[in-house]
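Peer 1:
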Amino acid sequence: MGVPAFFRWLSRKYPSIIVNCVEEKAPRAKMNQQRSRRFRASKEGMEAAVEKQRVREEILAKGGFLPPEEIKERFDSNCITPGTEFMDNLAKCLRYYIADRLNNDPGWKNLTVILSDASAPGEGEHKIMDYIRRQRAQPNHDPNTHHCLCGADADLIMLGLATHEPNFTIIREEFKPNKPKPCGLCNQFGHEVKDCEGLPREKKGKHDELADSLPCAEGEFIFLRLNVLREYLERELTMASLPFTFDVERSIDDWVFMCFFVGNDFLPHLPSLEIREGAIDRLVNIYKNVVHKTGGYLTESGYVNLQRVQMIMLAVGEVEDSIFKKRKDDEDSFRRRQKEKRKRMKRDQPAFSPGGILTPHALGSRNSPGSQVASNPRQAAYEMRMQNNSSPSISPNTSFTSDGSPSPIGGIKRKAEDSDSEPEPEDNVRLWEAGWKQRYYKNKFDVDAADEKFRRKVVQSYVEGLCWVLRYYYQGCASWKWYYPFHYAPFASDFEGIADMPSDFEKGTKPFKPLEQLMGVFPAASGNFLPPSWRKLMSDPDSSIIDFYPEDFAIDLNGKKYAWQGVALLPFVDERRLRAALEEVYPDLTPEETKRNSLGGDVLFVGKHHPLHDFILELYQTGSTEPVDVPPELCHGIQGKFSLDEEAVLPDQIVCSPVPMLRDLTQNAAISINFKDPQFAEDYIFKAVMLPGARKPTPVLKPSDWEKSSNGRQWKPQLGFNRDRRPVHLDQAAFRTLGHVMPRGTGAGVYGNAAPPPATYQGNLYRPLLRGQAQIPKLMSNMRPQDSWRGPPPLFQQQRFDRGVGAEPLLPWNRMLQTQNAAFQPNQYQMLAGPGGYPPRRDDRGGRQGYPREGRKYPLPPPSGRYSWN
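In my numbering, the protein residues as written are 13 to 882.
Following this line, the structure appears as structure tokens:
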């Protein structure tokens, strides 16, 4: 998308943006994953280009039709990496966009916008988490601040829970798979490049006016409210009879930590824990069974108690063998069912099916040929007319496809999914057979399982990774240099003696510079984003680091079916060798490249109506060179330091457009300044607790949301003392029978024999009773004898009441309400209800006791306010 389109998309997606963080220099542990993704993307792109050229040559050799190949510039997604010229231009465009919104959009009038572009170190979501941690550590922070984070990564859920903020919402775009894409050769929809036959696109109509256009679906969003997830977790993790005090906040921290074992961006998952196999539920059950022996929680404010974690891991190791066997049985059962399904579909497929709009199809089928034709009736009618006009003769030996069209003379090539037996991926480890641990270490690490020293080294690196990841989520980056130096994880049964393993990290480390990170994550095919002398190190055979950039590499499926699920066996980058090689080419950088290779910070923007505007303007007018404290009373409670920006957006100065097609901002009133979060000591620990004064949102879960019956069905309330009482449902005939035997003359209101909800009922949408109608319950109560009965009261005779003086006129809607009241009054005072058999009484004490007479969002009054007890 172009820059103007990007601005329109940004305006629709983030109409009230406050903090905009762009992905930047990641820790070394994250760079390994980025390196794997970019090498995979480069390899898949090259393979797709080769396959496309092969199919093109094959189609042209058979006389097929293909549009002329267009030579167009290919967009390399690897350019979306900090340090490239693309990201530098994007940062300039974001500055221009924020200034434009603050000047021209009234919705941005009082917003405080903080931009953290690609020059500021850290991952985007972790920069936001660091901002929240530092702000909530301030003494004047509002504990009931609402946070909203937008992103599609699953780790945003864990990061949001780690803040212990009561009001946290995550917005993510709904992922819709299988979106139609045109063929890369003929630009037609409905097939891929490998299935292209080189046929010209068939016209639909004389001038192609009946052609179907692809539906333009609007982007939909999913709102994930973490307070609801916290309710589920509290219900799931609550334990009784603990030897220590139960704390739901500490339990949630332990749950976040246990999720790291099933995989994250920094560590491979344990072989026995697959998230699709219910690994999280298994860990929670083991945790609840073992926590009575551990004597406390696994974590505290981002620090791990390894002795307690060892007990959890050894409990998982006891069932590893059964997990592997069950996984194999499930896979075999799934393949067997798929094979039987294909055979059944092939057997039930008719030998001939007529085409056209009358094609038979299953009822309710949305993807059937008939439904597709019926969606465009004009096209269907046109095809029927053309078919009748042409009426070609068909020989008796002609075969047909499922849609009624004649099949090609040469037949149809059977697709891979139509095969009766699919080739299984090669698996030399065979975890379901005896000796799986020896085979695993021999195939994955090329060492013998008896090498206890090597196994302990792998376990120690993995334990360090667990401590590093948890520290990263709760306290920030503990070390920019640490990374897990293996492609595979150890077994849970190997976590013996981990309580004595060190979990400290080197302090004072610095992140990679932008161009250095590009050298660490880019393949040689993306070297065009680097300076010429730098990219030569990636392709020159005599380069000292040429082994870091293989042209091809192996992908271990590791028991999976598809290549994208496998493990890319890339060599790890040696930081010392990389820095030594780059020292020789640093002098070749231009001033612009040197600037792009430097570290930056955050920038704060406000408009002319913001209370901070005049304060920041005064700083520029006085030329202050020292950092100044942010006045929280002028900035929604935000605290930190201000310093002057060399590339500031200032009032009455033209803001130049970064792209030629956009106009300059000649009448600018916005202003920007460098912003730095509050600083703390290096050994400071941010407490992972809910702040004092924080108010939890109102619970929204009902028993039916989390209760399940013993047979797995949905929960239902118990009626009376019989747990298995089944509700009775009547059909229309039974209702007619009841209508014949019920007494007549009860009125013709909407409620035949049931009173409408009282005015104090939650969610009542009815108007209050009229003055004349409001007198009915009072008069009825006055007719009751003064003496109290021990049994049921005598039946009252319904009397006719005149409308009170000054009553409102009988308008149609008032007449309807009066008719309803007249209909239900006899039944209301004849049925036995309430304690002691006394009739229910309308509660008219709303104003005096605090129970409003009407309106939504009000609770029901207590039982004492709804019944007469005397």
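Each residue gets a CB set at the ideal place from its N, CA and C atoms; glycine is no exception.
Given the structure is predicted, the values throughout are model-derived calculations rather than measurements.
Tell whether a beta-carbon distance below 9 Å holds between LEU279 and PHE272.
Peer 2: The count along the sequence shown starts at 1 and reaches residue 279 at position 267. The count along the sequence shown starts at 1 and reaches residue 272 at position 260. Yes.
Peer 1: Just the C-alpha distance for SER491 and TYR453, rounded to the nearest angstrom, thanks.
Peer 2: As a working note, residue 491 is residue 479 in the sequence shown. As a working note, residue 453 is residue 441 in the sequence shown. About 29 Å.
Peer 1: Please report the residue range of the beta strand (DSSP E) in which THR306 lies.
Peer 2: As a working mapping, residue 306 is identified with position 294 in the sequence shown. Premise fails: THR306 lies in the alpha helix (DSSP H), 291-306, not in any beta strand (DSSP E).
Peer 1: By Cβ distance below 6 Å, which residues in the same chain neighbour ARG47 in space, the five residues on each side in sequence not counted?
Peer 2: By one-based count along the sequence shown, residue 47 stands at place 35. VAL533.
Peer 1: My assumption, with CB atoms under 8 Å, is that VAL62 sits in contact with CYS208. Please give the rounded CB distance.
Peer 2: One-based indexing of the sequence shown puts residue 62 at position 50. One-based indexing of the sequence shown puts residue 208 at position 196. So it is not a contact: roughly 15 Å between Cβ atoms.
Peer 1: Return no unless some Cβ of chain C is closer than 9 Å to the Cβ of ALA745.
Peer 2: Absent from the structure is chain C; it holds one protein chain and no more.
Peer 1: For CYS160 versus PHE187, is the C-beta distance shorter than 9 Å?
Peer 2: As a working note, residue 160 is residue 148 in the sequence shown. As a working note, residue 187 is residue 175 in the sequence shown. For CYS160 and PHE187, no; Cβs fall outside 9 Å.
Peer 1: Might you give, ordered along the chain, the residues of its own chain that have their beta carbon closer than 7 Å to the beta carbon of PRO670, omitting 5 neighbours on each side?
Peer 2: One-based indexing of the sequence shown puts residue 670 at position 658. Cβ within range, chain order: ASN101, LYS104, CYS105 and TYR108.
Peer 1: Assign ASN379 to one of three DSSP states: helix, strand, or coil.
Peer 2: In the sequence shown, the residue the question calls residue 379 occupies position 367. Bear in mind that the predicted position of ASN379 carries a pLDDT of just 47, short of 50, making it too unreliable to give a figure here.
Peer 1: Alpha carbon to alpha carbon, how far is LEU703 from GLY231? Give it in angstroms, no decimals.
Peer 2: Stepping through the sequence shown from its first residue, residue 231 is reached at position 219. Stepping through the sequence shown from its first residue, residue 703 is reached at position 691. Rounded to whole angstroms, GLY231 to LEU703 spans 36 Å at the Cα level.
Peer 1: Between which two residues does the alpha helix (DSSP H) harbouring ARG66 extend?
Peer 2: Position 54 of the sequence shown holds residue 66. Looking at the DSSP string, the run of the alpha helix (DSSP H) that includes ARG66 is 40-73.
Peer 1: Let's see if you can read the secondary structure: which residues bound the alpha helix (DSSP H) around ASN101?
Peer 2: Locating residue 101 in the sequence shown gives position 89, counting from the first residue. 97-116 is the span of the alpha helix (DSSP H), which, as asked, contains ASN101.
Peer 1: What residues in its chain sit with their C-beta under 8 Å from that of LYS337, if we drop five residues either side in the sequence?
Peer 2: Residue numbering aside, residue 337 sits at position 325 when the sequence shown is read from its first letter. Excluding residues within five positions, the ones whose Cβ falls inside 8 Å are TRP444.
Peer 1: Would you check if the region 301-311 and the region 521-533 touch, i.e. whether three or more CB-CB distances between them fall below 8 Å?
Peer 2: They do not touch, by the three-pair rule.
Peer 1: Measure the CB-CB distance between VAL579 and TYR500 and report whether it falls below 9 Å.
Peer 2: What you label residue 579 is simply residue 567 of the sequence shown in a count that begins at 1. What you label residue 500 is simply residue 488 of the sequence shown in a count that begins at 1. Cβ distance < 9 Å, so VAL579 and TYR500 count as in contact.
Peer 1: Might you give, ordered along the chain, the residues of its own chain that have their beta carbon closer than 6 Å to the beta carbon of SER556, omitting 5 neighbours on each side?
Peer 2: Against the sequence shown, residue 556 aligns to sequence position 544. Closer than 6 Å at the Cβ level, and outside the excluded window around SER556, lie ALA593.
Peer 1: Confirm, please, whether the CB-CB distance from GLY210 to PHE77 is below 9 Å.
Peer 2: Residue mapping note: residue 77 aligns to position 65 of the sequence shown, counting from 1. Residue mapping note: residue 210 aligns to position 198 of the sequence shown, counting from 1. Contact flag set, yes.
Peer 1: Select from ARG320, ASP266 and ARG237 the residue whose C-alpha is nearest the C-alpha of LYS708.
Peer 2: Start at 1 with the first residue of the sequence shown, and residue 708 comes out as number 696. Of ARG320, ASP266 and ARG237, the residue nearest in Cα terms is ARG237.
Peer 1: Can you give the Cα-Cα distance for ASP883 and PRO715, rounded to whole angstroms?
Peer 2: This structure cannot speak to residue 883, because the chain is shown only from 13 to 882.
Peer 1: Evaluate GLU518 with the Cβ neighbour count: other Cβ atoms within 10 Å of its Cβ, from every protein chain shown; 16 or more gives buried, anything less gives exposed.
Peer 2: One-based indexing of the sequence shown puts residue 518 at position 506. So GLU518 ends up on the exposed side.
Peer 1: Which residue wins for smallest C-alpha separation from LEU171, given the options TYR485, PRO544 and TYR495?
Peer 2: The residue labelled residue 171 in the question sits at position 159 within the sequence shown. Among TYR485, PRO544 and TYR495, the Cα nearest to that of LEU171 belongs to TYR485.
Peer 1: Per DSSP, which residues does ILE324 bridge with? Please list them.
Peer 2: In the sequence shown, counting from the first residue as 1, residue 324 sits at position 312. In DSSP, ILE324 forms no bridge with anything.
Peer 1: Going by DSSP, what residue range makes up the beta strand (DSSP E) through THR710?
Peer 2: For the purposes of this step, residue 710 is identified with residue 698 of the sequence shown, where counting begins at 1. Per DSSP, THR710 belongs to no beta strand (DSSP E) and is neither H nor E.
Peer 1: Are there 16 or more other CB atoms within 10 angstroms of the CB of VAL762, so buried, or fewer, so exposed?
Peer 2: In the sequence shown, residue 762 corresponds to position 750, counting from 1. Residue placement at VAL762 cannot be trusted, given a pLDDT of 43 that sits under 50; the coordinates are not used to answer.
Peer 1: Between which two residues does the alpha helix (DSSP H) harbouring ASP265 extend?
Peer 2: Looking up residue 265 in the sequence shown gives position 253. Element bounds for ASP265: 260-271.
Peer 1: Is it buried or exposed, GLY539, if we count other Cβ atoms within 10 angstroms and call 16 or more buried?
Peer 2: The residue you call residue 539 lines up with position 527 of the sequence shown. Buried is the call here.
Peer 1: How many Å lie between PRO603 and SER610 at the Cα?
Peer 2: Walking along the sequence shown from the start, residue 603 turns up at place 591. Walking along the sequence shown from the start, residue 610 turns up at place 598. Using only the alpha carbons, I get a separation of about 11 Å.
Peer 1: Hey, out of PRO672, VAL753, PRO643 and GLU658, whose CA is closest to HIS153's CA?
Peer 2: Numbered from its first residue, the sequence shown carries residue 153 at position 141. Closest by alpha carbon: PRO643.
Peer 1: So ASN686 is in the beta strand (DSSP E); what residue range does that whole segment cover?
Peer 2: In the sequence shown, counting from the first residue as 1, residue 686 sits at position 674. It spans 683-688 - the beta strand (DSSP E) in which ASN686 sits, taken as one unbroken run.
Peer 1: Can you have a look at GLY423 and say buried or exposed, based on whether 16 or more other CB atoms are within 10 angstroms of its CB?
Peer 2: Position 411 of the sequence shown, counted from the first residue, corresponds to residue 423. Confidence is the limiting factor: at GLY423 the pLDDT is only 42, short of 50, which leaves the residue's position unreliable, though a coordinate-based value still follows. With fewer than 16 Cβ atoms within 10 Å of its Cβ, GLY423 is classed as exposed.
Peer 1: Under the assumption that ASP600 contacts SER545 (Cβ atoms under 8 Å), give the Cβ distance between them as a whole number of angstroms.
Peer 2: For this step, residue 600 is matched to residue 588 along the sequence shown. For this step, residue 545 is matched to residue 533 along the sequence shown. Yes, they are in contact, since the Cβ atoms of ASP600 and SER545 sit about 4 Å apart, within 8 Å.
Peer 1: Mapping the DSSP letters down to three states, classify ASP641 as helix, strand or coil.
Peer 2: On the sequence shown, residue 641 is found 629 positions in, with the first residue counted as 1. Strand.
Peer 1: Looking at the secondary structure, which residues open and close the beta strand (DSSP E) in which ARG237 lies?
Peer 2: For this step, residue 237 is matched to residue 225 along the sequence shown. Run containing ARG237: 233-237, per the beta strand (DSSP E) assignment.
Peer 1: So does the region 681-692 actually touch the region 609-625, counting three or more Cβ pairs closer than 8 Å?
Peer 2: Short answer: they touch.
Peer 1: In terms of residue numbering, what span does the beta strand (DSSP E) encompassing LYS572 cover?
Peer 2: Indexing the sequence shown from 1 puts residue 572 at position 560. Counting along the chain, LYS572 falls outside any beta strand (DSSP E), and DSSP gives it neither H nor E.
Peer 1: Going by the beta-carbon positions, is the gap between VAL618 and LEU631 smaller than 9 Å?
Peer 2: Reading the sequence shown from its first residue, position 606 is the one you call residue 618. Reading the sequence shown from its first residue, position 619 is the one you call residue 631. No, the Cβ-Cβ distance between VAL618 and LEU631 is not below 9 Å.
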